[in-house]
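Number of protein chains: 2
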Amino acid sequence: MTKRNANAIPRIQPKLEQSLCFAIYSAGLAFNRLYKPILDEMGLTYPQYLVMMVLWERDGQGVSELGEQLFLESNTLTPLIKRLEAAGLVTRTRDTEDERQVLVHLTAQGRELLKEASCVPAQVVAATGMSVEQLGKLKASVTGLRDGLRAAVDEA
Amino acid sequence: MTKRNANAIPRIQPKLEQSLCFAIYSAGLAFNRLYKPILDEMGLTYPQYLVMMVLWERDGQGVSELGEQLFLESNTLTPLIKRLEAAGLVTRTRDTEDERQVLVHLTAQGRELLKEASCVPAQVVAATGMSVEQLGKLKASVTGLRDGLRAAVDEA
DNA sequence: TGCGATTTAATCGCGCGCGATTTATTTTCA
DNA sequence: TGAAAATAAATCGCGCGCGATTAAATCGCA
Numbered sequence: 013m014t015k016r017n018a019n020a021i022p023r024i025q026p027k028l029e030q031s032l033c034f035a036i037y038s039a040g041l042a043f044n045r046l047y048k049p050i051l052d053e054m055g056l057t058y059p060q061y062l063v064m065m066v067l068w069e070r071d072g073q074g075v076s077e078l079g080e081q082l083f084l085e086s087n088t089l090t091p092l093i094k095r096l097e098a099a100g101l102v103t104r105t106r107d108t109e110d111e112r113q114v115l116v117h118l119t120a121q122g123r124e125l126l127k128e129a130s131c132v133p134a135q136v137v138a139a140t141g142m143s144v145e146q147l148g149k150l151k152a153s154v155t156g157l158r159d160g161l162r163a164a165v166d167e168a
Numbered sequence: 013m014t015k016r017n018a019n020a021i022p023r024i025q026p027k028l029e030q031s032l033c034f035a036i037y038s039a040g041l042a043f044n045r046l047y048k049p050i051l052d053e054m055g056l057t058y059p060q061y062l063v064m065m066v067l068w069e070r071d072g073q074g075v076s077e078l079g080e081q082l083f084l085e086s087n088t089l090t091p092l093i094k095r096l097e098a099a100g101l102v103t104r105t106r107d108t109e110d111e112r113q114v115l116v117h118l119t120a121q122g123r124e125l126l127k128e129a130s131c132v133p134a135q136v137v138a139a140t141g142m143s144v145e146q147l148g149k150l151k152a153s154v155t156g157l158r159d160g161l162r163a164a165v166d167e168a
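Protein chains in written order, with my numbering: chain S, 13 to 168; chain L, 13 to 168.
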């Protein structure tokens, strides 16, 4: 260190078009707008669709367990799951082994919805205009970014 | 076409971990959580920060004009900008040339906030744990994805 | 010129995300 | 054993996003 402030945080004007965070933010908006008409037909919102995906992969999970996979907590999930329950897609039952936990199970109607959902991924892939290989690489990069951000937030 | 249904939409079970949309969604959540404590000190939310960025680049824009850059509309922006106005960061004035438009201008306090904001980008870059080159490439890919999705939504 | 079409912002309701707090249950260990 | 700590879900308030609608100003053009 031959200069003072060698470790000072560099100061530059933040610009929308050069920030990755805005690219991610606006891509999220774009995905939502793509999914909206598709999921409307199934009576789901996008976050509700995510919860259903997790349950289709493994039925009967607790709220925290769902939250670990979705990076959400009970303050978001509880009302969301209650809406899925009101729609007849899931049931909410207290775990008899541990009364603190609420187990979320698919109803027959909830399992049935997977049939309709199974044609969603191909529609979305088509809309991106990218190859499956490109999408896979991009997914890996964005997932890596996410995990890096999460690590930084956790250690702070 | 030697078979029936050659153009049928392929049906596969949607899985959370292999979907790019969830990677984007969860990276957005992670960015928000990273920005929260940083922006809290400036008294801004992340979407408010985006609006300020656009104004720091060019002061005195209409609501729709801001919306075009942010991919948002007046139903989102009007209340957001009113909160920025209440915080003393911007003014809202009807354009005398076209009374339909509301021009949003930075106040002295709003311009002053750029000084604090100028150390945000470097902090965020550091948190990603990625090089500036990597971030640039990823930003370009995600922007391309976003624009592809937007094109697909528009033509639908 | 005047009237319908267009543009712009604002308003309203709903469903997230999330910080903060509360309640109920289980675990820990003195 | 029993009280404190930890864990799980729920509740509450606020700020987005956004579909739908409304109100006001401007434009187009017959």
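Backbone N, C-alpha and C fix where the C-beta goes; we use that ideal spot for every residue, glycine too.
Since the model is a prediction, treat every value here as computed from it, not as a measurement.
- In the assembly as shown, VAL144(S) is an exposed residue. Its beta-carbon has fewer than 16 other beta-carbons within 10 Å.
- In the same chain as TYR47(S), and ignoring 5 residues on each side of it, the C-beta atoms closer than 6 Å to its own belong to TYR58, in chain order.
- Contact between the stretch 85–97 of chain L and the stretch 148–163 of chain L is absent, with fewer than three C-beta pairs closer than 8 Å.
- At least 9 Å separates the beta-carbon of LEU125(L) from that of GLY72(L).
- Buried is the label assigned to ILE36(L), since at least 16 other Cβ atoms lie within 10 Å of its Cβ.
- In this structure LEU101(L) is not in contact with LEU89(L), their Cβ atoms being roughly 14 Å apart against a cut-off of 8 Å.
- The C-alpha of MET54(L) is placed about 21 Å away from the C-alpha of ARG104(L).
- According to the DSSP secondary-structure assignment, VAL132(S) is paired through a beta bridge with no residue.
- Apart from the 5 residues on each side of it in sequence, GLU97(L) sits with its Cβ closer than 6 Å to the Cβ of ARG104 in its chain, given in chain order.
- In this chain, the alpha helix (DSSP H) harbouring LEU96(L) covers 86–98.
- Ranking ALA99(S), GLU111(S), MET142(S), VAL136(S) by CA distance to the CA of GLN121(S) puts ALA99(S) first.
- Boundaries of the alpha helix (DSSP H) around ARG45(L): 32–52.
- Along the stretch 82–98 of chain L, going in chain order, the ones with a CB nearer than 9 Å to a CB of chain S are LEU82, PHE83, LEU84.
- Beta-bridge annotation (DSSP): VAL102(L) is paired with LEU118(L).
- Among the CB atoms of chain S, none fall inside 9 Å of the CB of THR119(L).
- ALA152(L) is positioned such that its CB atom lies no closer than 9 Å to that of TRP68(L).
- Residue contact with chain L for SER76(S): absent (no Cβ-Cβ distance below 9 Å to any residue of chain L).
- Look at GLN25(S) here: in three-state DSSP terms it is coil, with no helix or strand label.
- Counting of Cβ neighbours within 10 angstroms places GLN30(L) among the exposed residues, the total staying below 16.
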